[in-house]
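First up is the structure itself, then whatever we jot down about it.
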Amino acid sequence: MNLQKLVKGILCFLFALFSTMAFAQNKEVTGKVTDSKDGSPVAGISVLGVTSSGKKVGTATANDGTFKLSSAENISKITLSGVGFDKQDLNVSGKSEVAVSMKGSNNSLNEVTVVGYGTLKKREITSAITRVNAEQFNKGNINDVAQLLQGKVAGLSISRAGGDVNAGFDIRLRGLSTIGSGTSPLVVIDGQVGADLNSVDPNDIKSIDVLKDGSSAAIYGTRGSAGVIIVTTKTGIKGTSQVTYNGSVSIENAARVTQHASAAEYRSLLKTIGAGTDYGATTDWYKEITRTAISHQHNLSFSGGNEHTTYNASVNYRDAQGIAITTGLKQLNGRLNITHKALNDKLVFNVEVSTTRKTAELGFSNAFEYATIYNPTSPIYAQTPEQDLAGGGYFEVSATEYSNPVALLRQNSNHQQLSRLNFAGSVEYEIIPGLKFLTRYAQQQTSTYLTAYSPSTAFIDRGFYNGATGLGRHGYSYKRDDEATTQLYENTLSYNGKISNLEVAAIAGYSYQDFIYQGFNAGAGNFITDLSAQDFSTAQDLGNGLASLNSYKNGNKLVAFFGRVNLNYNNFAFLSASLRREGSTQFGPINKWGYFPAISAGVDLNKFLNLPTFNSLKLRGSYGVTGALPPTPGLAAITYTSGGNYLINGNWISTFGPNQNDNPDLRWEKKAETDIGLDFTALNNRLTGTLDYYNRKTSDLIFNVEVPAPPALFHRAWKNIGDMTGNGFEAALNYEVIRKSNKFNWTTGVNFAHNHVVLTRLDPSAGSYIGETNLGSPGQEATQITRSYAGAEIGAFYNQIYRGLDANGKILADDGKGKTVPASTGTYKTVIGHGLPKFEMGWTNTLNYGNFDLNIFLRGSFGFDLINTNRAFYENPSVASLYNVVKTKYFNPNLKDAQIFTSLYVEKGDFVKLDNATLGYNFNISKKPGGVKSFRAFITGHNLFTITGYTGADPEVRYIDNLNGNILAPGIDRRSTWVLTRSFTLGVNLGL
Numbered sequence: 003m004n005l006q007k008l009v010k011g012i013l014c015f016l017f018a019l020f021s022t023m024a025f026a027q028n029k030e031v032t033g034k035v036t037d038s039k040d041g042s043p044v045a046g047i048s049v050l051g052v053t054s055s056g057k058k059v060g061t062a063t064a065n066d067g068t069f070k071l072s073s074a075e076n077i078s079k080i081t082l083s084g085v086g087f088d089k090q091d092l093n094v095s096g097k098s099e100v101a102v103s104m105k106g107s108n109n110s111l112n113e114v115t116v117v118g119y120g121t122l123k124k125r126e127i128t129s130a131i132t133r134v135n136a137e138q139f140n141k142g143n144i145n146d147v148a149q150l151l152q153g154k155v156a157g158l159s160i161s162r163a164g165g166d167v168n169a170g171f172d173i174r175l176r177g178l179s180t181i182g183s184g185t186s187p188l189v190v191i192d193g194q195v196g197a198d199l200n201s202v203d204p205n206d207i208k209s210i211d212v213l214k215d216g217s218s219a220a221i222y223g224t225r226g227s228a229g230v231i232i233v234t235t236k237t238g239i240k241g242t243s244q245v246t247y248n249g250s251v252s253i254e255n256a257a258r259v260t261q262h263a264s265a266a267e268y269r270s271l272l273k274t275i276g277a278g279t280d281y282g283a284t285t286d287w288y289k290e291i292t293r294t295a296i297s298h299q300h301n302l303s304f305s306g307g308n309e310h311t312t313y314n315a316s317v318n319y320r321d322a323q324g325i326a327i328t329t330g331l332k333q334l335n336g337r338l339n340i341t342h343k344a345l346n347d348k349l350v351f352n353v354e355v356s357t358t359r360k361t362a363e364l365g366f367s368n369a370f371e372y373a374t375i376y377n378p379t380s381p382i383y384a385q386t387p388e389q390d391l392a393g394g395g396y397f398e399v400s401a402t403e404y405s406n407p408v409a410l411l412r413q414n415s416n417h418q419q420l421s422r423l424n425f426a427g428s429v430e431y432e433i434i435p436g437l438k439f440l441t442r443y444a445q446q447q448t449s450t451y452l453t454a455y456s457p458s459t460a461f462i463d464r465g466f467y468n469g470a471t472g473l474g475r476h477g478y479s480y481k482r483d484d485e486a487t488t489q490l491y492e493n494t495l496s497y498n499g500k501i502s503n504l505e506v507a508a509i510a511g512y513s514y515q516d517f518i519y520q521g522f523n524a525g526a527g528n529f530i531t532d533l534s535a536q537d538f539s540t541a542q543d544l545g546n547g548l549a550s551l552n553s554y555k556n557g558n559k560l561v562a563f564f565g566r567v568n569l570n571y572n573n574f575a576f577l578s579a580s581l582r583r584e585g586s587t588q589f590g591p592i593n594k595w596g597y598f599p600a601i602s603a604g605v606d607l608n609k610f611l612n613l614p615t616f617n618s619l620k621l622r623g624s625y626g627v628t629g630a631l632p633p634t635p636g637l638a639a640i641t642y643t644s645g646g647n648y649l650i651n652g653n654w655i656s657t658f659g660p661n662q663n664d665n666p667d668l669r670w671e672k673k674a675e676t677d678i679g680l681d682f683t684a685l686n687n688r689l690t691g692t693l694d695y696y697n698r699k700t701s702d703l704i705f706n707v708e709v710p711a712p713p714a715l716f717h718r719a720w721k722n723i724g725d726m727t728g729n730g731f732e733a734a735l736n737y738e739v740i741r742k743s744n745k746f747n748w749t750t751g752v753n754f755a756h757n758h759v760v761l762t763r764l765d766p767s768a769g770s771y772i773g774e775t776n777l778g779s780p781g782q783e784a785t786q787i788t789r790s791y792a793g794a795e796i797g798a799f800y801n802q803i804y805r806g807l808d809a810n811g812k813i814l815a816d817d818g819k820g821k822t823v824p825a826s827t828g829t830y831k832t833v834i835g836h837g838l839p840k841f842e843m844g845w846t847n848t849l850n851y852g853n854f855d856l857n858i859f860l861r862g863s864f865g866f867d868l869i870n871t872n873r874a875f876y877e878n879p880s881v882a883s884l885y886n887v888v889k890t891k892y893f894n895p896n897l898k899d900a901q902i903f904t905s906l907y908v909e910k911g912d913f914v915k916l917d918n919a920t921l922g923y924n925f926n927i928s929k930k931p932g933g934v935k936s937f938r939a940f941i942t943g944h945n946l947f948t949i950t951g952y953t954g955a956d957p958e959v960r961y962i963d964n965l966n967g968n969i970l971a972p973g974i975d976r977r978s979t980w981v982l983t984r985s986f987t988l989g990v991n992l993g994l
């Protein structure tokens with residue numbers, strides 16, 4: 003009996019001891035989270051632990067799905083949640099390690115999408131809105147936020163021809179919605195309306211939502227016609243403390259150049275034509291002005307927080323060499339986001355500050371034109387005093403549009419410095435449950451300073467500022483400073499509640515925004531010495547009337563009142579309606595205010611159809627009206643400018659005159675758009691898709707047109723001159739082809755977009771056509787190659803149709819009656835091509851095997867043409883007496899005519915590019931306290947190949963004529979286009 007009691011006592015003691023030990027070990031919980039559908043690790047899942055005393059600690063899963071929670075107290079429960087997954091609560095008392103399988107929510111229909119002034123669940127969206135998360139962004143050598151989205155959103159066109167690291171991207175959403183300005187979507191960053199897209203570093207972005215149709219964009223009124231891009235940056239997670247590092251190194255080389263004759267081919271051609279000069283050298287000018295560009299970028303971020311305060315701070319640095327010698331950029335960016343909650347989370351403060359400093363060596367794009375046409379038998383450096391025209395030691399020949407490209411880049415400087423500061427602060431208070439009042443203030447300040455110098459020993463024929471040359475002006479200096487300040491003040495009152503089965507979300511608000519622009523530029527030459535080029539007081543041009551001096555300051559204000567109501571009936575039927583009343587000082591007194599309404603609705607058909615293969619099937623329709631502002635302030639008023647300086651009686655006299663007529667009747671452009679869409683998930687959520695058809699009409703287009711003077715004081719005026727219509731179809735499909743737990747997984751996705759834009763009406767006062775562009779110098783300044791007229795598609799090429807050569811090698815053209823005439827005397831001209839694509843597509847494939855992941859992305863544009871201006875000027879044997887010839891598959895040695903522009907120089911631009919391919923590996927990391935949480939390495943290739951029939955350097959769509967900024971003249975491949983580049987990037991992602 004005593005023995006039994008002793009045994010029982012020992013067993014009880016041991017049980018209590020082990021229980022205590024197990025409970026003590028519960029101060030740390032580790033685990034791994036996987037996707038229930040395929041067993042793959044899930045990163046970014048929020049893990050919130052609760053201790054026995056109610057204290058909360060938190061973290062997030064690493065790239066391999068693992069996590070670790072640590073606390074001074076025992077952890078009794080954890081809650082796991084993440085976008086696209088059902089929330090889970092687990093009891094972990096007595097456990098130190100758990101394995102969690104997360105089940106995906108119904109096609110992520112509960113995923114939150116950011117819309118104008120609020121958020122909606124994906125299932126509630128009744129407009130055309132696409133979200134792209136950070137995991138879906140393009141990877142690799144990324145220096146511009148626009149690159150993240152290229153090819154990822156149906157209907158969103160992002161283009162940059164050539165490999166200029168300092169050039170921006172042209173962005174169009176559903177084609178052209180205006181012919182004045184505002185052709186790119188409005189950008190909203192964390193609620194800051196009108197922010198610059200590159201005021202945030204690509205590494206700091208959590209997600210991007212694209213509002214594509216009029217209904218979703220109407221809440222932004224005058225600036226919503228071209229669509230809206232809403233950027234959401236990364237924030238801290240309470241109960242966590244994380245440090246992450248992302249770094250990469252890239253190498254970039256020329257992949258395609260403009261085709262031209264080699265030195266040997268050029269020598270042979272000189273013998274054939276019996277003209278020109280062989281200088282005895284063999285120079286590949288493209289190799290001389292390009293290099294293997296090496297770039298590196300680094301991102302270090304800190305995030306975390308406690309029950310009341312969360313933070314996210316980051317520092318980003320990138321150093322990118324340009325493919326052209328002497329070019330490149332260096333950028334330092336910092337960002338801080340702090341959120342603090344008080345009064346039982348009813349009062350929320352948020353502060354965001356970001357700053358950017360970027361220095362860029364811009365170079366001169368003309369160097370690529372000259373690399374094509376400069377005599378390949380010429381040496382780089384002068385061999386005789388006669389060849390050294392400027393005294394700088396370089397070989398030069400005096401001719402129009404003709405300069406040594408190496409000397410152009412080496413001798414002349416073109417430096418730009420950009421500084422940007424963004425501040426945004428908001429306070430939100432929940433008055434009663436569901437009713438919140440928010441006030442927000444934001445400011446963006448941007449300063450762009452440019453300084454360029456051409457020394458007295460530099461021979462530069464074209465391409466320098468104000469048309470000056472260093473040699474011709476004994477040194478020429480140009481400086482420009484542009485400052486922009488934007489302030490935003492907004493108040494909103496929002497309500498979210500539920501009445502039986504009806505969920506209601508409503509918002510009303512007031513917005514005030516002012517814009518101030520000011521700047522100064524000066525150019526002068528004839529310096530005493532090149533060493534004093536930074537001191538304008540030593541420029542003798544200031545005393546002889548040859549200096550240029552300009553300054554400006556203008557601004558405008560926007561005031562708006564807006565409201566919106568969203569209804570959700572039992573997750574079955576959805577309705578949204580909004581109205582914005584907005585006023586702008588950019589218009590005259592008659593038309594300052596405009597109204598921009600919108601309505602949309604949707605219904606989940608599968609709720610009552612119960613189709614066996616579909617998980618959801620939502621039909622939606624929307625209608626919305628948006629507006630567009632004039633391109634610059636004050637266009638409704640008469641303005642004056644300097645008319646130049648004249649020497650009268652030994653004195654320089656300044657003159658002034660009007661440069662713009664007033665138009666008090668100038669009114670808003672308005673775009674009315676209808677969209678019908680279908681969103682669906684099927685095959686057990688393996689297939690998801692979105693289909694959209696839209697039709698839009700922009701009325702009262704604002705354009706600068708010729709007017710008779712007199713009676714007008716000036717020969718041009720801003721007027722409302724016509725209407726434009728557009729329609730299109732978009733599709734986006736994603737399919738999980740293979741899903742196998744912990745083995746091989748394959749997901750594929752494709753998006754497709756068709757767009758058609760027509761100028762339907764043109765006021766007679768604007769003339770028979772607008773938007774014309776000429777071929778340019780040398781010798782073809784009067785050769786018109788594009789125009790837009792009523793009834794025609796935007797982007798029409800207009801000139802003679804090529805019909806071959808006659809027996810004497812002369813160019814023949816169509817006479818419009820089925821016969822041919824000499825092109826030199828032909829008068830029949832018609833549409834010979836179109837510069838805007840009819841179809842665009844993107845195709846992405848993501849494959850996972852174990853710890854490996856592979857992403858391959860292809861992008862293409864189809865149904866458009868390009869004017870190859872290099873061919874139009876230089877694909878002719880007769881130019882070889884001075885210039886090198888462009889030599890493509892169209893080169894005809896039998897041509898014995900002057901360069902006459904015809905459809906011969908219009909080519910199909912269709913292409914498919916392997917835009918991006920990334921191979922990554924997630925290393926298995928032992929989770930030691932204070933150690934590395936995750937480690938991933940990857941290699942990315944960009945522009946790996948291009949399939950196209952186009953003979954130029956880059957078949958990329960040109961949405962604007964970069965020679966003069968004409969948006970009605972797309973599709974012109976100018977001679978200054980940089981080479982197409984290919985890059986490879988090696989990078990790491992490290993979590994601590």
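The sequence shown begins at 3 in our numbering and counts up by one.
The beta-carbon is built from N, C-alpha and C at its ideal position, and this holds for glycine as well.
| Query | Result |
| --- | --- |
| Taking the alpha carbon of Pro957 as the point to measure from, which residue in Phe875, Gly837, Ala971 and Lys898 has its own alpha carbon closest? | Gly837 |
| Put Pro710 into one of helix, strand or coil per three-state DSSP. | coil |
| For the beta strand (DSSP E) that contains Ala362, what are its first and last residues? | Leu349 to Glu363 |
| Would you check if the distance between the CB atom of Gly118 and the CB atom of Val230 is smaller than 8 Å? | yes |
| I think Phe799 touches Thr788, with their Cβ atoms under 8 Å apart; what is that distance to the nearest whole Å? | 6 Å |
| Does the count of Cβ pairs from the segment 472-487 and the segment 444-458 closer than 8 Å reach three? | yes |
| Alpha helix (DSSP H) containing Asn872: first to last residue? | Thr871 to Tyr876 |
| List the endpoints of the continuous alpha helix (DSSP H) containing Asp543. | Asp543 to Asn546 |
| When burial is assigned at 16 or more other CB atoms within 10 Å of the CB, is Ser985 buried or exposed? | buried |
| Where Ala882 and Ile275 are concerned, what is the direct C-alpha to C-alpha distance, given to the nearest angstrom? | 8 Å |
| Name the two residues that bound the continuous beta strand (DSSP E) containing Ser217. | Here Ser217 belongs to no beta strand (DSSP E); instead the alpha helix (DSSP H) covers Gly216 to Ala219. |
| Got a sec, what are the start and stop residues for the alpha helix (DSSP H) Pro407 sits in? | Pro407 to Gln413 |
| Locate the beta strand (DSSP E) running through Tyr372, then write down its first and last residues. | Counting along the chain, Tyr372 falls outside any beta strand (DSSP E), though it belongs to the alpha helix (DSSP H) covering Asn368 to Ile375. |
| Which one of Asn205, His476 and Asn926 has the shortest CA to CA distance from Val317? | Asn205 |
| Taking the alpha-carbon of His944 as reference, which of Asn857, Thr63, Pro387 and Leu994 has the nearest alpha-carbon? | Asn857 |
| Which word fits Ala825, buried or exposed, when buried means at least 16 other C-beta atoms lie within 10 angstroms of its C-beta? | buried |
| With a floor of 3 residues, list each beta strand (DSSP E) that falls wholly inside the segment 793-849, ordered by position along the chain. | 798-801, 804-807, 813-816, 822-824 and 832-836 |
| So the alpha helix (DSSP H) Arg133 belongs to, where does it begin and stop? | First-last for Arg133: Ile131 to Asn135, but that is the beta strand (DSSP E), not the alpha helix (DSSP H). |
| Report the three-state DSSP secondary structure of Ser985 (helix, strand or coil). | strand |
| Under 8 Å, with one C-beta from each stretch per pair, do the segment 616-632 and the segment 649-659 reach the 3-pair mark? | no |
| Using alpha carbons as the reference points, say which of Ile902, Gly730, Gly177 and Ser553 lies closest to Ser880. | Ile902 |
| Taking the Cβ atom as the reference point for each residue, do Gly177 and Gly730 lie within a distance shorter than 8 Å? | yes |
| In chain order, what residues of the same chain have a beta carbon less than 7 Å from the beta carbon of Ser978, not counting five sequence neighbours either side? | Ser367, Asn368, Phe370 and Glu371 |
| Helix, strand or coil: which one does DSSP assign to Ile434? | strand |
| Per DSSP, Glu738 is paired with what? | Thr749 |
| Just to confirm before moving on: does the CB-CB distance between Leu998 and Tyr597 stay below 8 Å? | With the chain represented from 3 up to 994, any question about residue 998 goes unanswered, as that position is not in the structure. |
| Can you find the residues in the same chain that come closer than 6 Å, C-beta to C-beta, to Gly993, ignoring five residues on each side of it along the sequence? | Ala64, Thr246, Lys935 and Ser936 |
| Keeping to the same chain, check which residues put their C-beta closer than 6 Å to that of Phe522; ignore five residues upstream and five downstream. | Asp483 and Ser553 |
| Identify every run of the beta strand (DSSP E) within the segment 300-324, keeping only runs that are complete inside it and at least 3 residues long; order them along the chain. | 311-323 |
| In whole angstroms, what separates the C-alpha of Tyr876 from that of Thr285? | 19 Å |
| Hey, how far is the Cα of Thr657 from the Cα of Thr643? | 9 Å |
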